[in-house]
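Structure, as structure tokens:
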Amino acid sequence: MSEIQLLQPPGEVVIPPQSIANIYRGAANMDLNAADADVFPPDDPWTLALAEALVQEAEAGRLDGKNILELGAGSGVNMLGLKALALNNFFRNPPSFTGLDITMESVRACDELAAAHGFADEIRLYQSNLLSDVPAEAIADTDIVFACLPQVRWDYEVMQREPQAREFADYYIVPEQEVPEDAYALGLLARALDQIRDKTPKASVLFNVAGRQGDKSFKLFTDRFDRAEPVVHRVIPHDPTTSLTSFVRWEQMSEESCRFYRDAEASQKIDAAEAEERRVEGVEVYHDLFVMKAEMG
Ligand SMILES: C[S@@+](CC[C@H](N)C(=O)[O-])C[C@H]1O[C@@H](n2cnc3c(N)ncnc32)[C@H](O)[C@@H]1O
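Residue numbers for the sequence shown, in the working numbering: 873 to 1169.
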């Protein structure tokens, strides 16, 4: 398993200001050794945005003593970050951590990471597909659910094969029983939020959502929760390897328009059709990324 160094090794290593090591206090001294090719890279802008939201919540004391569930725990970077905060006495009473992921690769990565840092017996991990069912014991008594989940449909027509483990970080497979949000690729988030509402209604959520589907990205939360607001907002480059064909198809079928940008300043809006053309030509395109916080009551 290859190692990603989040600690400061000897020599002149400058940690970029946005890196995980700088977001989670104390993580600079902890090895994130689980980031092999099968799991999501821990310094991705999506991960950094979610980590920032979690630290904001921690600083406000809102994670103290809470039961936290991460849907799509990936490389375990957030699990490690929360542990780093706890080791640095950031909490009066550290939160508990449960992680869930569809791939065994991720569950194993999280388990090995926690074992390497001596806290494997403090966490709970589940391999489970959110598209079908989250085990009741994984979600019961949860106070806060956070997630950075795929928001692009796996396009069998274009791909002509099944996704590999790493690709579950970027795409989800639309089941036979579609929900309306599948039309614009927010179906996995919709199903996750519905299960949270049903199975642990008092929990608040912190979810990454890209604003590519415009107002529909917010409606996903405002339709289901009493209060919903973005707590982090970034404009980030679209991952150039992720195909936008399913967004283009949605635009054609619905006469709706996706929200991408030509520039990092978000001054020039373009639709998915133009974004996909630019992507194929190797030109950078951008989109919003929000961390939405939502709760009942
Ligand atoms: C974008 S990665 C995020 C990883 C990590 N949470 C982070 O922020 O760095 C999404 C994760 O969700 C998992 N995932 C994708 N589809 C899922 C599903 N249907 N059920 C459970 N987990 C899923 C993937 O395997 C992947 O680890």
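Idealized CB from N, CA, C, for every residue including glycine.
Would you say the beta carbon of residue i comes nearer than 6 Å to a heavy atom of ligand 1?
i       : result
Phe1040 : yes
Leu985  : no
Pro1022 : yes
Asn939  : no
Gly971  : no
Ile974  : yes
Ser1129 : no
Gly946  : yes
Leu922  : yes
Thr1114 : no
With H, G and I counted as helix, E and B as strand and the rest as coil, what does DSSP make of residue i?
i       : result
Gln880  : With a pLDDT of only 33 at Gln880, under the threshold of 50, the placement of this residue in the model should not be trusted, and no figure is reported.
Lys1074 : coil
Arg1096 : coil
Val1155 : coil
Thr919  : helix
Asn960  : coil
Glu875  : Bear in mind that the predicted position of Glu875 carries a pLDDT of just 30, short of 50, making it too unreliable to give a figure here.
Gln1085 : helix
Ser1126 : helix
Ile892  : helix
Leu997  : strand
Arg1134 : coil
Val1017 : strand
Thr970  : strand
Asn901  : helix
Looking at ligand 3, does it come within less than 6 Å of residue i, judged from the CB to the closest heavy atom?
i      : result
Ile892 : This structure lacks ligand 3; the ligands present are ligand 1.
Assuming residue i and residue j form a contact by the criterion Cβ under 8 Å, report the distance between their Cβ atoms to the nearest whole angstrom.
i       : j       : result
Leu1002 : Arg1063 : 6 Å
Val911  : Gly946  : 5 Å
Ala1037 : Thr975  : 5 Å
Leu1065 : Pro1022 : Contact doesn't hold; Cβ gap of about 14 Å is too wide.
Lys1074 : Met951  : About 22 Å separates the two Cβ atoms, so there is no contact after all.
Leu1116 : Ala1147 : 6 Å
Gly953  : Tyr896  : 3 Å
Quick check: residue i and residue j, are their CB atoms within less than 7 Å of each other?
i       : j       : result
Val1104 : Ala925  : yes
Phe1097 : Ala1019 : no
Asp1005 : Lys938  : no
Asn1080 : Leu922  : yes
Phe969  : Ile1011 : no
Leu935  : Glu942  : no
Glu1156 : Pro1102 : no
Ala1136 : Glu1123 : no
Val1051 : Arg1025 : no
Asp1027 : Ser1118 : yes
Name the DSSP bridge partner or partners of residue i?
i       : result
Gly953  : Answer is none; Gly953 lacks a bridge partner.
Glu1148 : In the DSSP output, where bridge partners are listed per residue, Glu1148 has none listed.
Leu1161 : Ala1082, Arg1106
Lys1141 : Tyr1133
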